[in-house]
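Colleague: In the working numbering, each residue carries its 1-based index in the sequence shown increased by 149.
Glycine residues also receive a C-beta, built at the ideal position from the N, C-alpha and C atoms.
These numbers were taken from a predicted model, which means no experiment stands behind them.
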Amino acid sequence: GYDASSWILLSQGAEARLWLVPDYLTVGSTSLVSSDGGGTSTTANSTGTADDASDNASSTTAASTESAATKSATATSTTTTRAAVCKERFPKSYRHPILDTTLT
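1. Between the C-alpha atoms of ARG244 and THR179, what's the straight-line distance to the nearest angstrom?
2. Report buried or exposed for SER160, applying the criterion of at least 16 other Cβ atoms within 10 angstroms of its Cβ.
3. In angstroms with no decimal places, state the Cα-to-Cα distance between ALA163 and LEU174.
4. Would you decide whether LEU181 is buried or exposed? Buried here means 16 or more other CB atoms lie within 10 Å of its CB.
5. Let me make sure I understand the geometry here. Which of LEU158, PRO171, SER183, LEU252 has the alpha-carbon closest to that of THR223?
6. I'd like the list of long-range same chain contacts for TRP156, defined as Cβ closer than 6 Å, with 5 residues on each side in sequence excluded.
7. Could you pull the start and end residues of the beta strand (DSSP E) that SER160 belongs to?
8. Looking at the structure shown, is SER242 part of a helix, part of a strand, or coil, going by DSSP?
9. Please report how far the alpha carbon of LYS236 lies from the alpha carbon of LEU158, in whole angstroms.
10. So THR227 and GLY177 are supposed to be a Cβ contact under 8 Å. How far apart are they, rounded?
11. How many angstroms separate the CA atom of ALA153 from the CA atom of ASP172?
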């Protein structure tokens, strides 16, 4: 099951409906910006999946601990949502049952 409440109907024909799915895929990224107090700044970017989260967390902690005395670090997160198009083929009584099951 999908939550189709945010889907927008683009077109409908005799064989199918075409939907815009505005929130199909969400991608997150984290940036770590550190400054040494002398005007120098360094940026580290990390984009990944949940599997990468523990690796990213440990490297962020190490960088923050290392720079605590001489630098300040700020982490920012960005989330980007991607849209998709979905084609819904509804059942038709005149199609062969096996073909109808495959298409819908």
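Modeller: In short, the structure shows the following:
1. By 1-based counting over the sequence shown, the position of residue 244 is 95. By 1-based counting over the sequence shown, the position of residue 179 is 30. Roughly 50 Å between the two C-alpha positions.
2. The residue given as residue 160 occupies position 11 in the sequence shown. By the 10 Å Cβ count, SER160 comes out exposed.
3. Reading the sequence shown from its first residue, position 14 is the one you call residue 163. Reading the sequence shown from its first residue, position 25 is the one you call residue 174. One Cα belongs to ALA163, the other to LEU174, and the distance between them is close to 29 Å.
4. The sequence position of residue 181 within the sequence shown is 32, counting from 1. Classification of LEU181: buried, given that the 10 Å Cβ count is 16 or more.
5. The residue you call residue 223 lines up with position 74 of the sequence shown. It is SER183.
6. Position 7 of the sequence shown holds residue 156. Closer than 6 Å at Cβ, skipping near neighbours: TRP168, VAL170.
7. The count along the sequence shown starts at 1 and reaches residue 160 at position 11. Its beta strand (DSSP E) spans residues 157 to 161.
8. For the purposes of this step, residue 242 is taken as the residue at position 93 of the sequence shown. Here SER242 sits in coil by DSSP.
9. Taking the first residue of the sequence shown as position 1, residue 236 is located at position 87. Taking the first residue of the sequence shown as position 1, residue 158 is located at position 9. C-alpha separation (whole angstroms): 10 Å.
10. The residue labelled residue 227 in the question sits at position 78 within the sequence shown. The residue labelled residue 177 in the question sits at position 28 within the sequence shown. Indeed they touch by this definition, with Cβ atoms about 7 Å apart.
11. Here residue 153 refers to the residue found at position 4 of the sequence shown. Here residue 172 refers to the residue found at position 23 of the sequence shown. One C-alpha to the other measures close to 10 Å.
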